[in-house]
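Visitor: Residue numbers (the working numbering): 168 to 445.
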Amino acid sequence: MRLYSQFDGLNKLKQSAPYFVSKYMKKLHILYPLTIVTIAIFLTASFSPVQSQIPDKFENLKVLPKDITKPELVGRMKKFTAALGLRCVNCHVGDAKIGFSSFDFKSDDKELKVKARFMLGMVEAINSDLLAKLDMFGKERVKVECMTCHRGQSKPILIGDALMTAYDNGGIDTLTAKFRGLRDRYYGTHTYDFGERVLSRIGATLEGLGDMPAVLRVLKMNAEYFLESSTNFAQIAFAYLELADTTSAIENLETAIKLSPNVSWLKMQLEKIKGEAE
Ligand code: HEC
Ligand code: HEC
Numbered sequence: 168m169r170l171y172s173q174f175d176g177l178n179k180l181k182q183s184a185p186y187f188v189s190k191y192m193k194k195l196h197i198l199y200p201l202t203i204v205t206i207a208i209f210l211t212a213s214f215s216p217v218q219s220q221i222p223d224k225f226e227n228l229k230v231l232p233k234d235i236t237k238p239e240l241v242g243r244m245k246k247f248t249a250a251l252g253l254r255c256v257n258c259h260v261g262d263a264k265i266g267f268s269s270f271d272f273k274s275d276d277k278e279l280k281v282k283a284r285f286m287l288g289m290v291e292a293i294n295s296d297l298l299a300k301l302d303m304f305g306k307e308r309v310k311v312e313c314m315t316c317h318r319g320q321s322k323p324i325l326i327g328d329a330l331m332t333a334y335d336n337g338g339i340d341t342l343t344a345k346f347r348g349l350r351d352r353y354y355g356t357h358t359y360d361f362g363e364r365v366l367s368r369i370g371a372t373l374e375g376l377g378d379m380p381a382v383l384r385v386l387k388m389n390a391e392y393f394l395e396s397s398t399n400f401a402q403i404a405f406a407y408l409e410l411a412d413t414t415s416a417i418e419n420l421e422t423a424i425k426l427s428p429n430v431s432w433l434k435m436q437l438e439k440i441k442g443e444a445e
């Protein structure tokens with residue numbers, strides 16, 4: 168959203184100030200304070216006209232209360248944009264370059280708006296009809312919001328599903344490219360989980376499909392991000408074993424043992440593999 172990203176920019180600028188000051192002191196000693204001031208003026212100046220270009224009366228509310236105040240409605244809309252990673256113009260007819268004066272907010276011509284209205288009704292039903300029934304247990308209810316499911320994306324897809332869809336479409340190369348692309352873009356946000364277990368579970372799914380070379384690719388990619396994970400190296404070892412590459416299996420199991428010297432089970436496995444190899 169426009170306003171959010173402007174604040175974001177300001178925060179980034181503040182955070183990187185020492186860097187600016189040290190590296191570009193000579194060039195920026197006048198510019199830097201000016202930039203902050205300019206942005207501050209820009210922010211206050213752009214805020215009020217933006218709000219005033221939104222109509223005061225709403226003509227086409229079918230789920231939200233008809234007597235909702237403007238600040239409340241705008242607040243709800245901002246939550247939509249944040250929860251779904253969208254901008255006003257994705258749901259409303261208008262030209263974002265011209266600004267809100269060109270918007271026809273009441274129009275239902277955009278499919279995403281119609282879908283969002285359906286979702287609004289769904290969320291109300293979950294909170295008021297379904298979750299309300301838990302009241303008999305006498306605890307305060309946690310409410311479901313758009314963000315609960317969407318976490319910053321318009322289709323709330325889980326990473327495992329996104330990766331397996333990529334695999335179905337183009338095999339292991341497509342899967343690994345998808346993972347790296349998503350990680351580059353979303354790491355540090357709550358949109359996707361990039362924890363160690365994600366690729367490990369994908370490995371298990373691929374093993375179920377009998378694609379051992381793909382299992383190995385996925386676990387090795389996991390090792391790039393989790394260098395200290397003995398579990399992951401042990402999994403790599405077992406994948407090599409499936410592929411009848413005992414030497415590589417032993418190598419990886421030894422790495423796993425180095426990382427977790429106290430796990431006796433790993434040592435037992437190593438003895439077993441070495442015994443069988445002889
Ligand atoms: C995910 C889709 C979505 C996004 C993004 C979105 N809106 Fe909406 N907006 C809706 C829906 C759905 C309604 C109608 C709600 C209803 O029927 O009760 C609505 C209604 C409105 C209305 C009332 C229109 C009328 O006259 O009935 C205004 C004004 C509005 N939005 C402004 C905004 C602004 C400003 C933004 C960006 C900050 C925004 N919306 C972002 C879906 C969206
Ligand atoms: C219980 C989980 C859940 C909640 C809560 C939820 N959604 Fe959704 N939403 C979904 C799912 C799942 C889809 C994908 C449906 C499909 O296309 O199969 C979806 C799809 C959408 C889409 C269509 C996206 C597209 O690209 O086609 C919009 C718009 C949307 N939701 C808006 C909202 C809004 C606004 C809210 C809050 C009022 C909300 N959702 C709350 C689960 C949820």
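Positions of the beta carbon are idealized from the N, C-alpha and C atoms, including for glycine.
#1: Please classify V188: is it buried, with 16 or more other beta-carbons within 10 angstroms of its beta-carbon, or exposed?
#2: For chain C, check one thing: does any of its Cβ atoms lie closer than 9 angstroms to the Cβ of A381?
#3: Can you check which of these residues, G261, S396, N227, is closest to P428 by C-alpha distance?
#4: For ligand 2, any of its heavy atoms closer than 8 angstroms to the Cβ of L240?
#5: In terms of residue numbering, what span does the alpha helix (DSSP H) encompassing K280 cover?
#6: Which stretch, first to last residue, makes up the alpha helix (DSSP H) that contains V365?
#7: Identify which residue in T414, V281, S268, A329 has its Cα closest to the Cα of T358.
#8: Have a look at L287 and L325 and give me their C-alpha separation to the nearest angstrom.
#9: Let me make sure I understand the geometry here. Which of I339, D360, V430 has the alpha-carbon closest to that of L349?
#10: Excluding the 5 residues preceding and the 5 following A263 in the sequence, name in chain order all residues of the same chain whose CB lies nearer than 7 angstroms to its CB.
#11: Output the residues surrounding ligand 2, defined as those with a CB atom closer than 6 angstroms to any ligand heavy atom, in chain order.
#12: Is K229 near ligand 4, with its Cβ less than 8 angstroms from a heavy atom?
#13: The alpha helix (DSSP H) that contains I235, what's its start and end?
#14: Does ligand 1 have even one heavy atom less than 8 angstroms from the beta-carbon of P222?
#15: Among I221, T413, L383, which one has its Cα closest to the Cα of G261?
#16: Alpha carbon to alpha carbon, how far is M244 from L376? Give it in angstroms, no decimals.
#17: Between V273 and ligand 1, is the CB less than 8 angstroms from at least one heavy atom?
#18: Could you give the C-beta distance for D389 and E363, rounded to a whole number, given that I count them as a contact under 8 angstroms?
#19: Output the residue ranges of the beta strand (DSSP E) runs that lie fully inside the segment 289-358 and measure 3 residues or longer, sorted by chain position.
#20: List the whole-angstrom C-beta distance separating V385 from L373, where the pair is believed to meet the contact cut-off of C-beta under 8 angstroms.
#21: DSSP three-state label for L195, please.
#22: Going by DSSP, what residues sit across from V430 in a beta bridge?
Guide: This is what the structure gives:
#1: Annotation note: pLDDT 39 at V188 (below 50); position unreliable, no value reported.
#2: No chain C appears in the structure shown, which is made up of a single protein chain.
#3: Cα-wise, what sits closest to P428 is S396.
#4: For L240, the CB stays at least 8 angstroms from every heavy atom of ligand 2.
#5: Element bounds for K280: 278-291.
#6: Per DSSP, the unbroken alpha helix (DSSP H) holding V365 starts and ends at 363-375.
#7: The shortest CA-to-CA distance from T358 to any of T414, V281, S268, A329 is the one to A329.
#8: Roughly 21 angstroms separates the two Cα atoms.
#9: Per the Cα distances, D360.
#10: Cβ within range, chain order: R254, V256.
#11: For ligand 2, the selected residues are F247, L251, L279, K282, A283, M286, L287, V290, V311, C313, T315, C316, H317, S321, K322, P323.
#12: Ligands displayed in this structure: ligand 1 and ligand 2; ligand 4 is not among them.
#13: No alpha helix (DSSP H) contains I235, which DSSP labels as neither H nor E.
#14: With a cutoff of 8 angstroms, P222 counts as near ligand 1, since its C-beta is closer than that to a heavy atom of the ligand.
#15: Measuring from the Cα of G261, the nearest candidate turns out to be I221.
#16: Rounded to whole angstroms, the gap between the alpha carbons of L376 and M244 is 43 angstroms.
#17: Correcting the residue identity first, residue 273 is Lys in this sequence and not Val. Checking the Cβ of K273 against ligand 1 gives yes.
#18: With the sequence shown as reference, residue 389 is identified as Asn, and Asp is not the correct amino acid for it. Contact check for N389 and E363: beta-carbon distance about 7 angstroms, within the 8 angstroms limit, so the pair qualifies.
#19: Taking only runs of at least 3 residues, no beta strand (DSSP E) segment lies wholly in the segment 289-358.
#20: Taking C-beta atoms under 8 angstroms as the contact rule, V385 and L373 qualify, at a distance of about 6 angstroms.
#21: In this prediction, L195 scores a pLDDT of 46, lower than 50, which makes its location untrustworthy; the coordinate-derived value is nonetheless stated afterwards. Correct three-state label for L195: helix.
#22: Answer is none; V430 lacks a bridge partner.
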